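Trainee: Mind having a look at this structure? Questions to follow.
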Amino acid sequence: AQSVTQPDIHITVSEGASLELRCNYSYGATPYLFWYVQSPGQGLQLLLKYFSGDTLVQGIKGFEAEFKRSQSSFNLRKPSVHWSDAAEYFCAVGGGGSYIPTFGRGTSLIVHP
Amino acid sequence: DAGVIQSPRHEVTEMGQEVTLRCKPISGHDYLFWYRQTMMRGLELLIYFNNNVPIDDSGMPEDRFSAKMPNASFSTLKIQPSEPRDSAVYFCASRLTLGEQFFGPGTRLTVL
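Protein chains in written order, with my numbering: chain Z, 1 to 113; chain D, 1 to 112.
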C-alpha cells in the first residue's frame, strides 16, 4: 500500500527566508509524486509533479522539489518565501496503472512579516 | 476553461435531511473523484469514477452516502440521512488518464 508522511503539521518562517517542507512516501515501485497547495477556502492547486526523468522538478510560484529515491523523500523548497505563500501544502504519491494518489495530512505554512 | 464546478458552495442543513452535492468536471476528463476534508481525518478519497463508471467506493463511510455519474459532465454525492459528523468540506476533482488532478472549490457542509 502507498502512504505519505508529512512530519511537520505547522511551519513558521519569516518573509524572505528559505523554506523546505518535508515529505516521505512509501511505495513499492517508482512513484508518481505531487505537491499541491490549498489557500483558505479554496480547492487544491498543483504546484509540481514528478513522473520520471530529472529528479529536481520545477513548479509554479518559484517552488521546486527533489525526488530522492534512497531516502523515499520528495521535499518541497523555495529560496525566498512571500507572505502570499501562507497556505496548506499537501504531498501526494501515486502509482500503478491508474496512479490514484494518496495524500498526506498537510503542512500549514505561516509566514511572519 | 471554467475548471471543476461544484454546487452549492455552502450548505447548512439539519440532521436527518437529505443533502445532494453536485459536480461538473472539466470537459474531456475521464476520471472524477470525490474527497472529504476534515481537521481530524485530513483529505479522504470517498469514491472515484472512470468513464462514468464507479471504480472504487471503498472510502464511502456508510450506506448513507451514495454517488452517481449519469454522464461525463455531471456527478452527484448524496447523503441521506445526514448527521452532524458529516460536516466537512467536500471536494470534487477530475483528470485525464495520465494527468494531474484539478480540484473544484469545494462544498462546505454543515449539519446541525
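Quick reminder that beta carbons are idealized off the backbone N, C-alpha and C, glycines included. The model shown is predicted, which means the values in this text are computed figures rather than measured ones.
Whole angstroms are fine: how far does the CA of residue 17 of chain D sit from the CA of residue 66 of chain Z?
Mentor: The alpha-carbon atoms of residue 66 of chain Z and residue 17 of chain D are separated by roughly 47 Å.
Trainee: Taking 8 Å as the CB-CB cut-off, is residue 106 of chain D touching chain Z?
Mentor: So, interface residue.
Trainee: Verify the CB distance criterion: does residue 100 of chain Z have a CB-CB separation below 8 Å to chain D?
Mentor: Answer yes: the Cβ-Cβ gap between residue 100 of chain Z and chain D drops below 8 Å somewhere.
Trainee: At a cut-off of 7 Å, would you count residue 81 of chain Z as near the ligand GDP, judging by its Cβ distance to the nearest heavy atom?
Mentor: Judged by which ligands are present, the structure shown has none, so any question about the ligand GDP falls away.
Trainee: Could you give the DSSP three-state label for residue 77 of chain Z: helix, strand or coil?
Mentor: Of the three classes helix, strand and coil, the one that applies to residue 77 of chain Z here is strand, per DSSP.
Trainee: I'd like the list of long-range same chain contacts for residue 50 of chain D, defined as Cβ closer than 7 Å, with 5 residues on each side in sequence excluded.
Mentor: Contacts found: 30 and 31.
Trainee: So what does residue 49 of chain Z bridge to, in DSSP terms?
Mentor: Answer by DSSP bridge pairing, in chain order: Z:34.
Trainee: Taking all protein chains shown into account, decide if residue 39 of chain D is buried (16 or more other Cβ within 10 angstroms of its Cβ) or exposed.
Mentor: Classification of residue 39 of chain D: exposed, given that the 10 Å Cβ count is below 16.
Trainee: Could you check whether the Cβ of residue 43 of chain D sits closer than 8 Å to any Cβ belonging to chain A?
Mentor: Among the protein chains of the structure shown, namely Z and D, there is no chain A.
Trainee: Does DSSP put residue 2 of chain Z in a helix, a strand or coil?
Mentor: Three-state DSSP puts residue 2 of chain Z in coil, outside helix and strand.
Trainee: Closest by CA to residue 27 of chain D, which one among D:9, D:33 and D:3?
Mentor: Answer by Cα proximity: D:3.
Trainee: Where residue 42 of chain Z and residue 81 of chain D are concerned, what is the direct C-alpha to C-alpha distance, given to the nearest angstrom?
Mentor: Cα to Cα, residue 42 of chain Z sits roughly 27 Å from residue 81 of chain D.
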